[in-house]
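For reference, the structure discussed in these notes is given below.
There are 2 protein chains.
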Amino acid sequence: MTGDAGTAGIAEYLRQRRAEVDDALARVLPSPPHCPPPLSDAMRYSLTAGGKRLRPILCLASAEAVGGDRWHAMPAACAIELIHTYSLVHDDLPAMDNDTMRRGRPTLHVVAGEAMAILAGDGLLTEAFALMAREPHTTDGVLVARKLRAIEVVAAAAGAVGMVGGQAIDLGCVTPGPDGVLPPPLDGEGLRAMHAKKTGALIRAAAAAGAIMGGAGDDRLAAVDRAAADFGLAFQIVDDILDVQGESASLGKTAGKDAAAGKPTYPALYGIERSRAMADDCLQRAEAALEGAGLADSRLRGIGRWIVTRQN
Amino acid sequence: MTGDAGTAGIAEYLRQRRAEVDDALARVLPSPPHCPPPLSDAMRYSLTAGGKRLRPILCLASAEAVGGDRWHAMPAACAIELIHTYSLVHDDLPAMDNDTMRRGRPTLHVVAGEAMAILAGDGLLTEAFALMAREPHTTDGVLVARKLRAIEVVAAAAGAVGMVGGQAIDLGCVTPGPDGVLPPPLDGEGLRAMHAKKTGALIRAAAAAGAIMGGAGDDRLAAVDRAAADFGLAFQIVDDILDVQGESASLGKTAGKDAAAGKPTYPALYGIERSRAMADDCLQRAEAALEGAGLADSRLRGIGRWIVTRQN
Chain A
545 MTGDAGTAGI AEYLRQRRAE VDDALARVLP SPPHCPPPLS DAMRYSLTAG GKRLRPILCL
605 ASAEAVGGDR WHAMPAACAI ELIHTYSLVH DDLPAMDNDT MRRGRPTLHV VAGEAMAILA
665 GDGLLTEAFA LMAREPHTTD GVLVARKLRA IEVVAAAAGA VGMVGGQAID LGCVTPGPDG
725 VLPPPLDGEG LRAMHAKKTG ALIRAAAAAG AIMGGAGDDR LAAVDRAAAD FGLAFQIVDD
785 ILDVQGESAS LGKTAGKDAA AGKPTYPALY GIERSRAMAD DCLQRAEAAL EGAGLADSRL
845 RGIGRWIVTR QN
Chain B
545 MTGDAGTAGI AEYLRQRRAE VDDALARVLP SPPHCPPPLS DAMRYSLTAG GKRLRPILCL
605 ASAEAVGGDR WHAMPAACAI ELIHTYSLVH DDLPAMDNDT MRRGRPTLHV VAGEAMAILA
665 GDGLLTEAFA LMAREPHTTD GVLVARKLRA IEVVAAAAGA VGMVGGQAID LGCVTPGPDG
725 VLPPPLDGEG LRAMHAKKTG ALIRAAAAAG AIMGGAGDDR LAAVDRAAAD FGLAFQIVDD
785 ILDVQGESAS LGKTAGKDAA AGKPTYPALY GIERSRAMAD DCLQRAEAAL EGAGLADSRL
845 RGIGRWIVTR QN
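As structure tokens, then:
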């Protein structure tokens with residue numbers, strides 16, 4: 545294996561896959577007259593606001609890594625981006641984080657009202673499962689079974705034991721108890737466990753769903769899942785570092801907001817330098833997992849490198 | 545066929561199925577430690593608040609009507625009740641209908657806060673699809689295909705072209721335009737179209753999912769779906785009548801609220817007497833559809849009768 549296996553030309557690979565994802569996303573949402581125009585507009589406003597498309601690209605790359613057809617994974621890839629987008633819309637609501645900027649634009653509730661933002665989030669989440677069940681259209685029993693398994697993995701990751709559960713833990717950190725006192729801040733283990741659910745679960749599910757749709761056997765699926773768990777942790781650590789170091793303009797959201805809200809972050813707990821070393825450790829563990837399953841040359845390795853070196 | 549075919553003993557049938565549904569619902573939600581305790585409590589608070597369980601019972605009865613095993617349909621039945629419950633939780637939010645009582649208890653956002661109510665709704669919706677994908681556990685290709693199709697039907701009905709779309713139309717009725725003026729009230733056709741999405745779609749999907757899991761062929765599935773569409777319309781008309789006539793105590797929610805909010809209702813458009821006649825017409829059309837498919841003796845007929853004669 546060469547030093548740049550899976551990483552050479554990664555920027556171009558990411559650009560191409562992102563264009564494919566954006567193209568597919570532009571066609572997956574229901575339109576008027578079947579969908580009321582204000583709801584259709586609201587869902588599209590948030591979905592087409594840009595974003596890195598990390599999760600759908602990871603889904604496609606995982607399907608490719610295990611030797612599958614990435615187009616079989618495209619509906620799951622899009623569905624996971626719908627779920628990620630809904631989670632941002634609901635997270636930004638006044639009752640939650642009360643954020644007014646996201647991906648460089650006013651948040652949905654600012655432009656469409658709070659009620660429509662709640663409904664658009666609900667609609668995006670529900671369409672995700674409609675999309676995964678519907679497409680790719682097939683009567684092939686093997687693909688049908690893969691689709692059902694991918695839905696199971698994605699729904700579990702997005703739900704109360706996964707992403708929504710992580711958001712509930714996050715909410716608990718800033719909610720005073722009956723005595724009016726905030727709970728003690730999360731320690732390192734608590735922070736890791738919260739992020740494993742809040743951001744990690746859906747990133748893992750993106751990779752796992754891609755591997756499942758690509759026809760991975762148990763061993764490769766497990767390796768992809770392990771690598772993605774470390775990708776997810778690294779992604780969050782880097783996110784926290786960028787939140788401290790970054791500027792609002794390049795992040796597309798309010799910089800320093802987590803720290804200002806008193807939310808626990810990796811830099812706050814460990815400092816910037818050690819946080820960066822932790823992200824590098826994640827990458828090494830992920831690469832070892834991929835290598836152990838014969839996937840060291842896949843694009844997943846390049847995606848991991850990109851996650852820890854990205855600037856926004 | 546006798547005059548009481550499918551209707552004799554319907555009260556006892558409903559009681560039994562409701563007990564089965566309540567028993568299954570008590571076991572479907574994730575628990576601590578996998579799910580954070582406050583989120584688990586919030587989801588359970590709303591799910592176990594009672595309710596008629598019309599949708600899950602209709603799902604089970606449809607599976608039975610087409611000669612299937614109702615236990616194959618139980619996960620879908622429970623999933624649809626999770627979806628119905630999440631829709632009530634989000635509908636009751638301050639930004640939406642701002643309701644403080646539901647099923648005879650304070651609404652979830654009153655007891656757990658707005659942010660947790662949003663998350664609990666998101667969690668209930670997501671668990672619905674996790675449940676349908678996961679259970680009944682099987683590697684039987686026929687059942688796997690039925691499960692995937694049921695998910696497709698339920699997700700489409702619950703989403704932006706179905707229930708969420710209906711809620712968006714409803715929201716539009718009470719949202720002033722840029723000029724500060726409310727849109728003109730819905731006429732009869734607009735009201736029917738709104739309810740076909742807002743309440744009708746999920747009731748239809750409950751019946752269709754039950755028929756699919758019960759192994760219905762295309763003809764019987766279509767007949768069950770047609771009957772359920774009329775059941776759904778009748779259910780809404782009766783709901784509107786009860787909202788005018790009822791007392792808050794027996795309804796478990798604030799009576800007369802829709803009329804007070806200036807929301808269009810069947811009694812407001814057509815008067816009580818004609819509204820009741822419209823509900824009876826629905827029932828007759830539904831019975832004709834069932835009879836045409838050889839399902840006149842099924843419990844679906846009794847459920848239809850109960851829908852139009854219920855007092856709460």
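Each protein sequence line maps, in turn, to chains A and B.
Residue numbers for the first sequence follow my numbering, so the first one is 545 and each next one is one higher.
Residue numbers for the second sequence follow my numbering, so the first one is 545 and each next one is one higher.
Virtual Cβ for every residue (Gly too), placed ideally from N, Cα, C.
Since the structure is predicted, the reported quantities are computational estimates derived from the model, not experimental observations.
- Under the 10 Å beta carbon count, residue 726 of chain A is surrounded by fewer than 16 other beta carbons and is classified as exposed.
- A distance below 7 Å between beta-carbons, with the five flanking residues on each side excluded, links residue 614 of chain B to the following residues of its chain, in chain order: 604, 607 and 608.
- Residue A:742 holds the alpha-carbon nearest to the alpha-carbon of residue 632 of chain A among A:840, A:742, A:854 and A:812.
- Using a Cβ distance threshold of 9 Å, residue 734 of chain A and residue 612 of chain A do not count as a contacting pair.
- DSSP, read as helix, strand or coil, puts residue 650 of chain A in strand.
- Taking 9 Å as the cut-off, the Cβ atoms of residue 582 of chain B and residue 660 of chain B count as close.
- Take the alpha-carbon of residue 768 of chain B and the one of residue 620 of chain B: they are about 16 Å apart.
- Across the region 583 to 599 of chain A, CB contacts with chain B closer than 9 Å involve 583, 584, 586 and 587, in sequence order along the chain.
- Within 10 angstroms of the beta-carbon of residue 838 of chain B lie fewer than 16 other beta-carbons, which makes it exposed.
- Here residue 645 of chain B carries a strand assignment [DSSP, helix/strand/coil].
- DSSP places residue 711 of chain A inside the alpha helix (DSSP H), whose first and last residues are 707 to 717.
- Boundaries of the alpha helix (DSSP H) around residue 561 of chain B: 554 to 572.
- Going by DSSP, residue 760 of chain B is part of no alpha helix (DSSP H) at all; its letter is neither H nor E.
- Excluding residues up to 5 positions away in sequence, 587, 626, 629 and 630 lie with their Cβ nearer than 6 Å to the Cβ of residue 668 of chain B in the same chain.
- Between the region 824 to 832 of chain B and the region 773 to 792 of chain B there are three or more C-beta pairs closer than 8 Å, enough to call the two in contact.
- Only exposed fits residue 577 of chain A, as fewer than 16 other CB atoms lie within 10 angstroms of its CB.
- For residue 670 of chain A, the closest Cβ of chain B is nearer than 9 Å.
- Just so you know, the alpha carbons of residue 813 of chain B and residue 563 of chain B end up roughly 37 Å apart.
- With respect to residue 749 of chain A, residue 688 of chain A sits apart: the two C-beta atoms are not nearer than 9 Å.
- The beta-carbon distance between residue 826 of chain B and residue 705 of chain A, rounded to whole angstroms, is 41 Å. This is too long to meet the 8 Å contact definition.
- Taking the beta carbon of residue 696 of chain A as reference, the chain B residues within 8 Å of it are 674, 677 and 678, listed in sequence order.
- Sequence-distant partners of residue 763 of chain A (beyond 5 residues in either direction) whose C-beta falls short of 8 Å from its own C-beta, in its chain, are 837.
- Here residue 835 of chain B carries a helix assignment [DSSP, helix/strand/coil].
- A direct Cα-Cα distance of roughly 17 Å separates residue 845 of chain B from residue 597 of chain B.
- Using a Cβ-Cβ cut-off of 7 Å, residue 780 of chain A is close to nothing in chain B; its nearest Cβ partner there is about 18 Å away.
- Spanning the alpha carbons of residue 707 of chain B and residue 714 of chain B requires a straight line of approximately 10 Å.
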